[in-house]
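Reading the sequence shown from the start, the letters are residues 2 to 152 in my numbering.
Only one structure is covered here, and it is reproduced in the block below.
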Amino acid sequence: MNSSTKSATPTPDDDNQGPLSFEKVWRMFKETDRKFQETDRIFKETAEQVKETSRRLTRMERQFTSMWGRLVESLVEGDLIRLLNERGIEVERTQQRVSGRKKDINFEFDIIAVTGDEIVVVEVKTTLKSEDIRHFVSKLEHVREWLHEFH
């Protein structure tokens with residue numbers, strides 16, 4: 002067989018190291034194992050990087066949500082006195098983020114509008130869900146107990 006008629010399909014002994022032997026197979030197996038280990042290491046590193054990226058995104062999302070919530074609360078508070086006055090409720094002052102702890106219960110109210118002898122409690126939500134309403138109503142049941150300074 003001359004070089005022009007030689008088969009294009011490689012054979013096990015095309016690497017000029019002779020016929021396929023146990024040692025060759027063993028070396029190929031070890032090399033394959035090494036490559037699998039390297040791939041596994043890279044996969045683990047990538048998985049850890051994805052976890053860290055996910056943690057960072059979660060932190061950033063919380064920070065954004067918190068800042069967005071504060072912005073919306075500020076916008077609501079800025080117009081709250083006018084809105085309440087238009088409805089005949091004379092507001093003396095407002096307070097944002099009124100929070101505290103009574104009887105091992107933490108509480109927070111987004112905005113309190115003080116009218117003299119009454120208060121208006123405002124909860125600000127960018128996306129309102131029915132669970133938010135239930136939670137707000139349950140907080141309102143404790144307002145007199147938690148905010149006795151406004152009585």
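Even glycine gets a Cβ: it sits at the ideal position worked out from N, Cα and C.
None of the values given here were measured: they were computed from a predicted structure.
Grab the span of the alpha helix (DSSP H) containing aspartate 34 for me, first residue to last. Indexing the sequence shown from 1 puts residue 34 at position 33. 23-87 is the span of the alpha helix (DSSP H), which, as asked, contains aspartate 34.
Please tell me whether glutamate 74 and valine 125 are closer than 7 Å, where the distance is taken between their beta carbons. Residue 74 sits at position 73 when you count from the first residue of the sequence shown. Residue 125 sits at position 124 when you count from the first residue of the sequence shown. Yes, Cβ-Cβ distance for glutamate 74 and valine 125 is below 7 Å.
Can you give the Cα-Cα distance for threonine 95 and arginine 56, rounded to whole angstroms? The residue given as residue 95 occupies position 94 in the sequence shown. The residue given as residue 56 occupies position 55 in the sequence shown. Taking the straight line joining both Cα atoms gives about 37 Å.
Measure the C-alpha to C-alpha separation of valine 92 and tryptophan 147 and round it to an integer number of angstroms. For the purposes of this step, residue 92 is taken as residue 91 along the sequence shown, with counting starting at 1. For the purposes of this step, residue 147 is taken as residue 146 along the sequence shown, with counting starting at 1. Near 21 Å, if we compare the C-alpha coordinates of tryptophan 147 and valine 92.
Shortest alpha-carbon distance to isoleucine 106 belongs to which of Leu81, Glu32, Val144, Thr127? Taking the sequence shown and counting its residues from 1, the one referred to as residue 106 is at position 105. When each option's Cα is compared against that of isoleucine 106, the closest is Val144.
Could you have a look at aspartate 111 and say whether DSSP puts it in helix, strand or coil? As a working mapping, residue 111 is identified with position 110 in the sequence shown. Three-state result, aspartate 111: strand.
Can you grab the Cα-Cα spacing for the pair valine 77 / phenylalanine 110, in whole Å? Against the sequence shown, residue 77 aligns to sequence position 76. Against the sequence shown, residue 110 aligns to sequence position 109. Distance between the alpha carbons of valine 77 and phenylalanine 110 is about 13 Å.
Going by C-alpha to C-alpha distance, which of Thr47, Gly89, Arg28, Phe30 sits closest to threonine 116? Taking the sequence shown and counting its residues from 1, one reaches residue 116 at position 115. Answer by Cα proximity: Gly89.
Measure the Cβ-Cβ separation of glutamine 97 and isoleucine 82 and say whether it is below 7 Å. Taking the first residue of the sequence shown as position 1, residue 97 is located at position 96. Taking the first residue of the sequence shown as position 1, residue 82 is located at position 81. Taking a C-beta distance under 7 Å as the contact criterion, glutamine 97 and isoleucine 82 do not qualify as a contact pair.
Note the first and the last residue of the continuous beta strand (DSSP E) segment covering valine 122. Taking the first residue of the sequence shown as 1, we reach residue 122 at position 121. Here the beta strand (DSSP E) through valine 122 covers 120-123.
Within 10 Å of its beta-carbon, does valine 138 have 16 or more other beta-carbons around it, so buried, or fewer, so exposed? Taking the sequence shown and counting its residues from 1, one reaches residue 138 at position 137. Exposed.
Less than 6 Å between the CB of threonine 66 and some heavy atom of the ligand SAH, yes or no? Questions concerning the ligand SAH fall outside what the structure shown contains, since it holds no ligand whatsoever.
Helix or strand or just coil, what does DSSP make of lysine 140? Locating residue 140 in the sequence shown gives position 139, where the first residue counts as 1. Taken through DSSP and simplified to helix, strand or coil, lysine 140 comes out as helix.
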